[in-house]
Every structure is written in structure tokens, then in C-alpha cells.
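First the structure, in the form of C-alpha cells, and then the observations on it.
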Amino acid sequence: MARLAANGTWVDLTLGVFHTIATMEQTDFANDPRRKYISAAMWTSWTAGVRSRAGLARQGVMFRQILSKEHDLVAMMRSAHVGLLAGTDTGASNPYMFPGSSLHEELALLVDAGLTPMEALQAATRNAAVFMGKLDTLGTLEKGKSADMVLLDRNPLDDIRNTRTINAVVVRGKVLSKGDLEKQLLHVEANVSNR
Numbered sequence: 053m054a055r056l057a058a059n060g061t062w063v064d065l066t067l068g069v070f071h072t073i074a075t076m077e078q079t080d081f082a083n084d085p086r087r088k089y090i091s092a093a094m095w096t097s098w099t100a101g102v103r104s105r106a107g108l109a110r111q112g113v114m115f116r117q118i119l120s121k122e123h124d125l126v127a128m129m130r131s132a133h134v135g136l137l138a139g140t141d142t143g144a145s146n147p148y149m150f151p152g153s154s155l156h157e158e159l160a161l162l163v164d165a166g167l168t169p170m171e172a173l174q175a176a177t178r179n180a181a182v183f184m185g186k187l188d189t190l191g192t193l194e195k196g197k198s199a200d201m202v203l204l205d206r207n208p209l210d211d212i213r214n215t216r217t218i219n220a221v222v223v224r225g226k227v228l229s230k231g232d233l234e235k236q237l238l239h240v241e242a243n244v245s246n247r
């Protein structure tokens with residue numbers, strides 16, 4: 053861990069992938085309300101590799117053990133001051149990592165693994181900007197930086213799951229109200245169902 057920190061190596065933990073696989077046998081993804089935002093092609097890619105119930109049970113045990121070890125690694129990286137990033141690896145190869153909502157799940161998993169809510173938020177914002185070499189324009193709320201932010205109804209420092217209480221989003225200075233965001237989701241749903 054000291055070598056990772058000394059070399060300036062960044063780690064994107066993607067705990068959500070391990071958590072999803074570890075709990076897949078207990079979760080009814082076919083009836084997940086987020087499915088309406090996923091194209092048929094993506095859904096097919098997700099379900100193609102899913103094993104039998106018995107296979108999922110064996111896989112779940114193994115991935116729960118891996119996830120437990122990941123928590124140990126998070127503590128070690130945190131202690132060594134390794135740069136941590138929040139990511140989800142959503143896409144065709146990782147089933148049921150729903151775009152958007154999986155980041156909220158990842159933040160909660162980072163806190164469950166020992167990060168403070170502030171450290172988890174920084175892994176998705178400030179740290180990501182530092183990693184990309186763009187801290188001068190992104191990652192924090194400061195004069196002269198891009199006006200990109202999420203406005204919440206409840207404080208995520210009290211409970212990281214409050215990141216889901218989105219009231220509005222500001223993208224490049226343009227405010228998108230809760231109603232605007234709901235319209236965008238309806239648009240995504242309509243376009244996905246037309247494929």
C-alpha cells in the first residue's frame with residue numbers, strides 16, 4: 053500500500069460489482085424498477101452470463117468472501133493514503149450495474165467499507181478531478197470552476213444514502229429541476245422501450 057501511495061497510483065474499487073454478484077441469488081432484477089431504463093441489448097448481455105440458482109449460490113458465497121477482503125483492503129489503502137476513486141464499471145460486462153443509481157450504491161458501499169461520508173463523496177468528485185488533472189476547473193465548488201453540482205434535500209454527511217434525495221442538478225451552469233430530471237427519465241424510458 054505504501055508503494056501504491058508513493059507511486060501516486062489511484063484505485064477505483066468498484067465494490068458494487070462484487071456486492072451485486074454476491075447478492076444476485078437473492079435479488080429479483082427482472083422486476084427492478086430501473087430495468088425500464090435499460091435497452092434490450094444491454095439487458096440481454098446482462099442476463100446471458102447469469103448462472104443457475106445453484107451456480108449463483110456458490111458464486112455468491114465466494115463473492116461475499118471477496119467483498120469482505122475488499123473491505124480490509126479499503127482500510128489498508130485509506131491508512132496508507134492511497135488515492136481512492138468511486139466508480140461502478142457499469143456496462144455490458146457487469147450485470148445489473150444500473151447507470152446512475154449504481155454510483156449511489158457505490159458511495160454507500162465505500163462508507164460501509166470504512167470511509168467517512170466526506171471521503172466517499174470526495175472519491176467521486178475532488179479525487180476524480182485530481183486523477184484527471186483537472187482540479188483547477190472541476191471537483192470542488194469554487195469561483196471560476198465549472199458550475200456542475202447536485203443539490204440535495206438531505207445532508208449526505210449525516211447519511212451517505214442521502215445522495216439519492218436529489219432536488220436539482222446544475223450542469224455547466226444550467227439548473228435542471230426535479231421536474232426536468234423526471235422528464236429526462238421519461239425520455240430515456242420511451243427511447244429504450246422503442247428499441
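Under my numbering, think of the first position of the sequence shown as 53, with each following residue one higher.
A virtual CB, placed ideally from N, CA and C, is assigned to each residue, including glycine.
Measuring only the C-alpha atoms, how far is residue i from residue j?
i	j	result
leucine 190	threonine 96	36 Å
asparagine 243	leucine 233	15 Å
valine 63	leucine 56	9 Å
aspartate 141	serine 154	9 Å
leucine 228	valine 113	42 Å
glutamine 117	phenylalanine 70	10 Å
threonine 217	aspartate 205	5 Å
valine 126	alanine 160	13 Å
Using C-beta distances below 7 Å, list every residue in its chain close to residue i, excluding the 5 sequence neighbours before and after it, in chain order.
i	result
glutamate 241	Lys88 and Tyr89
leucine 23	Not covered by the structure: residue 23. The range shown for the chain is 53 to 247.
asparagine 207	Asn214
histidine 123	Ala165 and Gly166
Name the one or two DSSP bridge partners that residue i has.
i	result
methionine 201	Val222
serine 229	Ala220
valine 63	Leu136
Quick one, which of the options has its alpha-carbon nearest residue i's?
i	options	result
asparagine 59	His71, Thr79 and Val134	Val134
leucine 173	Ala199, Asp210 and Met184	Asp210
valine 169	Ile212, Met184 and Lys230	One detail in the question is off: residue 169 reads as proline in this sequence, not valine. Ranking the options by Cα distance to proline 169, first place goes to Ile212.
glutamate 158	Ala82, Leu137 and Trp98	Leu137
threonine 99	Lys186, Asp164, Pro147 and Lys195	Pro147
glycine 196	Glu171, Ala132, His71 and Arg224	Arg224
methionine 184	Thr61, Met53 and Ala54	Thr61
**OP:** Could you tell me which uninterrupted beta strand (DSSP E) segments, each at least 3 residues in length, are contained entirely in the segment 140-220, listed from first to last along the chain?
**Re:** 201-204
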